[in-house]
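Line order of the protein sequences matches chains A and B.
With this note's numbering as the guide, the letters of the first sequence map in order to residues 960 to 1072.
With this note's numbering as the guide, the letters of the second sequence map in order to residues 1352 to 1464.
One structure is given here, and the rest of the page talks about it.
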Amino acid sequence: NAGVMQNPRHLVRRRGQEARLRCSPMKGHSHVYWYRQLPEEGLKFMVYLQKENIIDESGMPKERFSAEFPKEGPSILRIQQVVRGDSAAYFCASSPDGYSPLHFGNGTRLTVT
Amino acid sequence: QQQVKQSPQSLIVQKGGISIINCAYENTAFDYFPWYQQFPGKGPALLIAIRPDVSEKKEGRFTISFNKSAKQFSLHIMDSQPGDSATYFCAASKGGTASKLTFGTGTRLQVTL
């Protein structure tokens, strides 16, 4: 009965590199949400996806950030050409129907050096 | 900007005492108000939630009080225990969904012996 699985748990990238964060939702959940948590701050919504569709990307930065949730496999949050300001904890959450409460993973902590 | 304001930023309570965390919101369209508990290195976990058709909800030692006219809600932790030491986030969402959440900035609770 696995929960939301995120990997890697920790990711270190140098400025200008690409970061790929993966999220496998709970079994039976087809709705995925990505949130970002900066130090000493609350979580900020980034994007909401259903299988093969982006439903709401109103919280995504306009450049360098993209997300996908393919028919097969995990959801991927991709950050291109990372900068120090991208250093944060990125949390994935899932829901069975887009209405029920979210279940969060343990996050990926991205550090940009 | 949809906001949820949370206070205090940090709280120290003696074992057995009552912990109280407050949140205020601006958007009257919000209709779902959860509280999440987060331990270091972990993702947020749903603790308790309320909808605005009730003024109070209790689950064990945790109670949400909701004041619709004041646009405020609070979390009360009775008989606080050292194991309750964590960061607590209030949140809000609208449209009947419990999924796309706007989070407060968090309260770091420490329960001392």
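The beta carbon of each residue, even a glycine, is placed where N, CA and C say it ideally should be.
Given this structure, state the Cα-to-Cα distance separating residue i from residue j, to the nearest angstrom.
{"i": "arginine 1402/B", "j": "proline 1359/B", "result": "23 Å"}
{"i": "valine 1006/A", "j": "proline 998/A", "result": "20 Å"}
{"i": "serine 1054/A", "j": "leucine 1061/A", "result": "5 Å"}
{"i": "lysine 1010/A", "j": "tyrosine 994/A", "result": "18 Å"}
{"i": "aspartate 1430/B", "j": "threonine 1456/B", "result": "24 Å"}
{"i": "lysine 1366/B", "j": "phenylalanine 1413/B", "result": "15 Å"}
{"i": "alanine 1048/A", "j": "serine 1361/B", "result": "20 Å"}
{"i": "glycine 962/A", "j": "isoleucine 1038/A", "result": "24 Å"}
{"i": "phenylalanine 1028/A", "j": "isoleucine 1035/A", "result": "6 Å"}
{"i": "alanine 1372/B", "j": "phenylalanine 1417/B", "result": "The question names alanine, but residue 1372/B is isoleucine in the sequence shown. About 12 Å."}
{"i": "threonine 1458/B", "j": "phenylalanine 1384/B", "result": "16 Å"}
{"i": "lysine 1445/B", "j": "glutamine 1461/B", "result": "31 Å"}
{"i": "serine 1370/B", "j": "glutamine 1040/A", "result": "43 Å"}
{"i": "valine 1355/B", "j": "leucine 1008/A", "result": "24 Å"}
{"i": "isoleucine 1363/B", "j": "histidine 1427/B", "result": "14 Å"}
Based on the DSSP output, what are the partners of residue i in its beta bridges?
{"i": "proline 1037/A", "result": "One detail in the question is off: residue 1037/A reads as arginine in this sequence, not proline. Answer is Arg979/A and Ser1025/A, bridged to arginine 1037/A."}
{"i": "proline 1385/B", "result": "Ala1400/B"}
{"i": "valine 1364/B", "result": "Val1462/B"}
{"i": "asparagine 1373/B", "result": "Ser1358/B and Ser1425/B"}
{"i": "valine 971/A", "result": "Thr1070/A"}
{"i": "alanine 1442/B", "result": "Phe1454/B"}
{"i": "proline 1053/A", "result": "Checking the displayed sequence, the identity of residue 1053/A turns out to be serine instead of proline. The partner list for serine 1053/A (beta bridge, DSSP) reads Val991/A and His1062/A."}
{"i": "glutamine 1432/B", "result": "Its beta-bridge partners do not exist; DSSP assigns none."}
{"i": "serine 1416/B", "result": "Glu1407/B and Ser1425/B"}
{"i": "alanine 1437/B", "result": "Leu1460/B"}
{"i": "glycine 964/A", "result": "According to the sequence displayed, residue 964/A carries methionine and not glycine. For methionine 964/A, which the question treats as bridged, DSSP gives the partners Ser983/A."}
{"i": "alanine 1449/B", "result": "Alanine 1449/B is not bridged to any residue."}
{"i": "alanine 1048/A", "result": "Gln996/A and Arg1068/A"}
Output needed in chain order: residues of the stretch 976-1005 of chain A with a Cβ under 9 Å from some Cβ in chain B. His990, Tyr992, Tyr994, Gln996, Glu999, Glu1000, Gly1001, Leu1002, Lys1003 and Phe1004
Could you run through the stretch 1443-1456 of chain B and flag, in chain order, every residue whose CB is less than 8 Å away from some CB of chain A? Gly1447, Thr1448, Ala1449, Ser1450, Lys1451, Leu1452, Thr1453, Phe1454, Gly1455 and Thr1456
When you check each C-beta in the stretch 1046-1066 of chain A against every C-beta of chain B, which residues fall closer than 7 Å? Phe1050, Ser1054, Gly1057, Tyr1058, Ser1059, Pro1060, Leu1061, Phe1063, Gly1064, Asn1065 and Gly1066
In chain order, each beta strand (DSSP E) run of at least 3 residues that lies wholly inside the stretch 976-1015 of chain A: 978-983, 990-996, 1002-1009 and 1012-1015
Could you say if the stretch 1010-1022 of chain A and the stretch 961-970 of chain A meet the contact criterion of at least three C-beta pairs nearer than 8 Å? A contact is defined here as three or more CB-CB pairs under 8 Å, and the stretch 1010-1022 of chain A fails this definition with respect to the stretch 961-970 of chain A.
Could you please tell me which residues of the stretch 1363-1374 of chain B, in chain order, have their CB closer than 8 Å to any CB of chain A? none
Assess, as a yes-or-no matter, whether the stretch 1426-1437 of chain B is touched by the stretch 972-983 of chain A under the definition of 3 or more beta carbon pairs within less than 8 Å. no
Cβ contact (3+ pairs, closer than 8 Å) linking the stretch 1376-1383 of chain B and the stretch 1436-1453 of chain B: yes
Any C-beta of chain A within less than 9 Å: which residues of the stretch 1392-1407 of chain B qualify? Gly1392, Lys1393, Gly1394, Pro1395, Ala1396, Leu1397 and Ala1400
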